[in-house]
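End of the sequence shown = 597 in the working numbering, gap-free, step of one.
Glycine is no exception: its CB is placed at the ideal position from the N, C-alpha and C atoms.
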Amino acid sequence: MSPQTPQHDWNTSNVLDDVAFQEHEARQFRDLLYGTGKAGAETSLSMLTAGQILKGKIVEISKDYVVVDVGLKSEGLVPVAEFTETEELGLGNDVEVYLDQAEGEDGQIVLSKEKARKFRQWEHIVNHCKEGSIVKGKVIRKVKGGLMVDIGMEAFLPGSQIDNKRIKNLDEFIGRSYDFKILKINIERKNIVVSRRELLEEERVSKKAELLEHIQEGALRKGIVKNITDFGVFLDLDGIDGLLHITDMTWKRIKHPSEMIHLGQEIEVMILHIDRDKGRVALGLKQKEENPWEEIERRYPTGTLVKGKIVNLVSYGAFIEVEPGIEGLIHVSEMSWTKNITDPSEMVRVGDDVEAIVLSVQKDEGKISLGIKQTERNPWEDVEKKYPIGSSVVAEIRNLTNYGAFVELEPGVDGLIHISDLSWIKKVSHPSELLKKGDKVEAVILSVDKESKKITLGVKQLSTNPWESIERTLPIGSLVHGTVTKTTAFGAFVELDNGIEALIHVTELSDQPFGKVEDVIQKGDPVTAKVIKLDPEHKKIALSIKEYLIEKNQMNHDDIVVSSKAKSKKKDKEKGKKKNFSDDEEFDDE
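Encoded structure:
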């Protein structure tokens, strides 16, 4: 049975005028009489579920809460903080709230104005927005992977969609309002993903197209430095990126762009080249100034003496600034006639004032070659007259290498004694076997190359070549004496009295059978052998102990035979004498 509609006006007092009653008592009586009030409210409440939007009226305002009557059995409390607009707070004002719980722990219904606002906003977004729509929002806090944005309801802004450039600190975005593009709407989960980067990219592409259409080569334009690399600087030209290469930054030489420019700096550059198909722009900074290399060949002809300051040292030389924007290179090889410079710091330091001679100018390449040593006399100038071929000199050994010895003839003039020119008769493996660094050595000038600055000398040329007369001094068949210097599996090497080395092959070591070479001969043993072969061209001599022994044994045998025959003749002669004596005796006796 539905509650009856009250027919009596309880604001009038037509009955029992002499009875006093309270208004709330009359209201309670009315509710009991007609089935309205709490009983009706309970019936209505049973039909409501959490998540609905209700309309109510503000009936009380406290410090922390607002009491809202939504026509149910009890009023609901809404935190004052949920009323963001001050004009909404007023007794009797109508307000829309969200039924969070039909009955809380204290028996009261739980309401939320904030959730009602978000619910209506979600409805609005679902009904009026779609993926790709543009909305305004405010970044409210940082979360894992990005930021949360208030667009009427909370939406997620991934870190990769915040900006189109590298971000160092996400906190700088919190509290700021931007336009966002809706990337995804998930109705089931009631969440939204937005992007700011896509809007920035679209804006950049639009500006880029407009800029590419209007800019011209040679024009000046301002840009913001957005990135610095080893090879140059990237500038944001308000919609398009341009590259300012390190070689187009200054007429001077710099090691890194950061020597001139820092991130975020605004600079004015010249448009050098535009590739509209690829959307690339080449920029120049030094082109805004006059090219100091324009008349460089006229100002600095070859042979000119210049003065300047050392501004940079590298492994291969030193750069000297001869005028603002003009630097020349003094190579290490052009620093001294007399020293072998491997590090420019041996001669100069940054900040030194030096004089140099212009050796060459390459205008197109922006290069000037300079020399310090050319300011002094070249000791190689008259080297051919001072050191004629065939002359004998005494020089100090400066360095020993695997292939020879370097000697200093005079300061700045070195010569090489090759290892093959140390001895006629010895096989030298390293110059240190015969020479010592710092010693004085006498040698003969073999060749002089003034242009290449090379002089070759020889020690063995101080004496005659013994191999030229070897066939006369050591003919085949002659006997020689020497000392064993080395034994090998194939024989023994012998140093002869004249210093020449000869070989006795294993087959020529003995006339008797033997096992190993060492069984017959040892290093240091004196030997006598017979020359059996000569090869002056290849400087080889072959000896034979075996033939010497055989010949010696034969001579001894002949001596024995001759001695035996002599003794036999003597005996016969003595016998004859005895016979004659006997005959004479006989003859006398007779």
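Quiz item: Taking the alpha-carbon positions, what's the Phe241 to Asp359 distance?
Solution: Whole-angstrom Cα-Cα distance: 35 Å.
Self-check item: At least 3 beta-carbon pairs within less than 8 Å: the stretch 343-360 vs the stretch 309-323
Solution: Output reads yes: the stretch 309-323 touches the stretch 343-360.
Quiz item: What is the C-beta distance between Gly422 and Ile462, in whole angstroms, given that I count them as a contact (C-beta under 8 Å)?
Solution: Separation of the CB atoms of Gly422 and Ile462 is rounded to 4 Å, and the pair is thereby assigned contact status at 8 Å.
Exercise. Go to Glu508, then tell me how far its beta strand (DSSP E) extends in each direction, as first and last residue.
Key: Unbroken beta strand (DSSP E) run through Glu508: Glu508 to His512.
Self-check item: 4 or more residues per run - each alpha helix (DSSP H) lying fully within the stretch 355-405
Solution: If we require 4 residues or more, the alpha helix (DSSP H) runs fully inside the stretch 355-405 come out as 390-393.
Self-check item: Identity of the residue in Asp186, Asp178 and Asn406 nearest Lys145 by Cα
Solution: When each option's Cα is compared against that of Lys145, the closest is Asp186.
Quiz item: What's the gap between the Cα of Ser69 and the Cα of Ile169?
Solution: Going by the C-alpha atoms only, they are around 41 Å apart.
Quiz item: What first and last residue would you give for the alpha helix (DSSP H) that runs through Ile303?
Solution: Looking at the DSSP string, the run of the alpha helix (DSSP H) that includes Ile303 is Ile303 to Arg306.
Quiz item: Shortest alpha-carbon distance to Glu436 belongs to which of Val401, Glu161, Lys191 and Ala412?
Solution: Correcting the residue type first, residue 436 is Ser in the shown sequence and not Glu. Of the candidates Val401, Glu161, Lys191 and Ala412, the one whose C-alpha sits nearest the C-alpha of Ser436 is Ala412.
Quiz item: What's the gap between the Cα of Val142 and the Cα of Asn198?
Solution: Straight through space, the alpha carbons of Asn198 and Val142 are spaced by roughly 15 Å.
Practice problem: Report back the beta-carbon spacing between Leu84 and Val74 to the nearest angstrom; my notes put them in contact at under 8 Å. | Solution: Right, their Cβ atoms sit about 6 Å apart.
Quiz item: Excluding the five sequence neighbours on either side, which residues of its own chain have a C-beta within less than 7 Å of the C-beta of Ser439, listed in chain order?
Solution: The residues are Leu407.
Exercise. With a threshold of 16 other CB atoms inside 10 Å of the CB of Thr93, please say whether the residue is buried or exposed.
Key: Exposed, by the Cβ-count rule.
Quiz item: Under the rule that 16 or more other beta-carbon atoms within 10 Å means buried, what is Lys523, buried or exposed?
Solution: Per the 10 Å Cβ criterion, exposed.
Exercise. Pick helix, strand or coil for Ala216, following the three-state DSSP scheme.
Key: Helix at Ala216.
Quiz item: Based on Cα-Cα distance, which residue from Gln561, Leu219 and Lys172 lies nearest to Glu208?
Solution: Residue nearest to Glu208 within the set Gln561, Leu219 and Lys172 is Lys172 (criterion: CA-CA distance).
Practice problem: Excluding the 5 residues preceding and the 5 following Asp237 in the sequence, name in chain order all residues of the same chain whose CB lies nearer than 7 Å to its CB. | Solution: If we look at Asp237 and ignore the five residues flanking it on each side, its Cβ neighbours are His263.
Practice problem: Would you tell me roughly how many angstroms separate the C-alpha atoms of Ser470 and Phe521, rounded to the nearest one? | Solution: For Ser470 and Phe521, the distance between alpha carbons rounds to 41 Å.
Quiz prompt | Outcome for Ser119 when other beta-carbon atoms lying within 10 angstroms are tallied against a minimum of 16 | solution = So Ser119 ends up on the buried side.
Exercise. Alpha carbon to alpha carbon, how far is Leu442 from Pro482? Give it in angstroms, no decimals.
Key: Cα-Cα distance, rounded: 33 Å.
Quiz item: Looking only at its own chain, which residues have a Cβ that is under 6 Å from the Cβ of Asn100, when we skip the five neighbours before and after it?
Solution: If we look at Asn100 and ignore the five residues flanking it on each side, its Cβ neighbours are Ile65.
Quiz item: Under a Cβ-count criterion, where at least 16 other Cβ atoms within 10 Å of its own Cβ denotes burial, should Arg599 be classed as buried or exposed?
Solution: What is shown of the chain runs 8 to 597, which leaves residue 599 out entirely.
Exercise. Could you tell me how far apart the beta carbons of Leu312 and Glu362 are, in whole angstroms, since I believe they sit closer than 8 Å?
Key: Between Glu362 and Leu312 the Cβ distance is about 6 Å, and since that is below 8 Å, they are a contact.
Quiz item: Taking the alpha-carbon positions, what's the Glu297 to Glu341 distance?
Solution: Each residue's alpha carbon lies about 31 Å from the other.
Quiz item: Can the beta-carbon of Gly63 be found less than 7 Å from the beta-carbon of Val104?
Solution: Taking 7 Å as the Cβ cut-off, Gly63 and Val104 qualify as a contacting pair.
Practice problem: Give the straight-line distance between the Cα atoms of Pro299 and Tyr307, rounded to the nearest whole angstrom. | Solution: When rounded, the separation of the alpha-carbon atoms in Pro299 and Tyr307 is 12 Å.
Practice problem: Report the residue ranges of all alpha helix (DSSP H) runs contained in full by the stretch 401-480; include only those spanning at least 4 residues, in chain order. | Solution: Under the rule that a run must span 4 or more residues, the alpha helix (DSSP H) segments found entirely inside the stretch 401-480 read 477-480.
Quiz item: Counting along the chain, where does the beta strand (DSSP E) carrying Phe126 start and finish?
Solution: Counted as a single uninterrupted DSSP element, the stretch harbouring Phe126 is not any beta strand (DSSP E) but the alpha helix (DSSP H) occupying residues Lys120 to His135.
Self-check item: Given 8 Å, three or more beta-carbon pairs between the stretch 255-271 and the stretch 212-220
Solution: Judged by Cβ distances under 8 Å, the stretch 255-271 makes no contact with the stretch 212-220, as fewer than three pairs qualify.
Quiz item: Can you name, in chain order, every residue of its own chain whose Cβ lies under 7 Å from the Cβ of Asp71, other than the five neighbours on each side?
Solution: Contacts found: Pro86 and Val87.
Quiz prompt | Secondary structure of Glu334, DSSP reduced to three states | solution = Strand.
Quiz prompt | Unbroken beta strand (DSSP E) run spanning Pro165, endpoints | solution = Note, Pro165: beta strand (DSSP E), Glu161 to Pro165.
Self-check item: Those residues which DSSP pairs with Asp157 across a bridge
Solution: Asp157 pairs with Lys145 and Glu161.
Practice problem: Find the nearest neighbour of Asp526 within the set Ala496, Glu544 and Ser551, judged by alpha-carbon distance. | Solution: Minimum Cα distance to Asp526 is reached at Ala496.
Self-check item: Inter-residue Cα distance where the pair is Pro395 and Val455
Solution: C-alpha separation (whole angstroms): 8 Å.
Quiz prompt | Continuous alpha helix (DSSP H) assignments of at least 4 residues falling wholly in the stretch 200-259 | solution = Within the stretch 200-259, the runs of alpha helix (DSSP H) at least 4 residues long that lie entirely inside it are, in chain order, 204-221.
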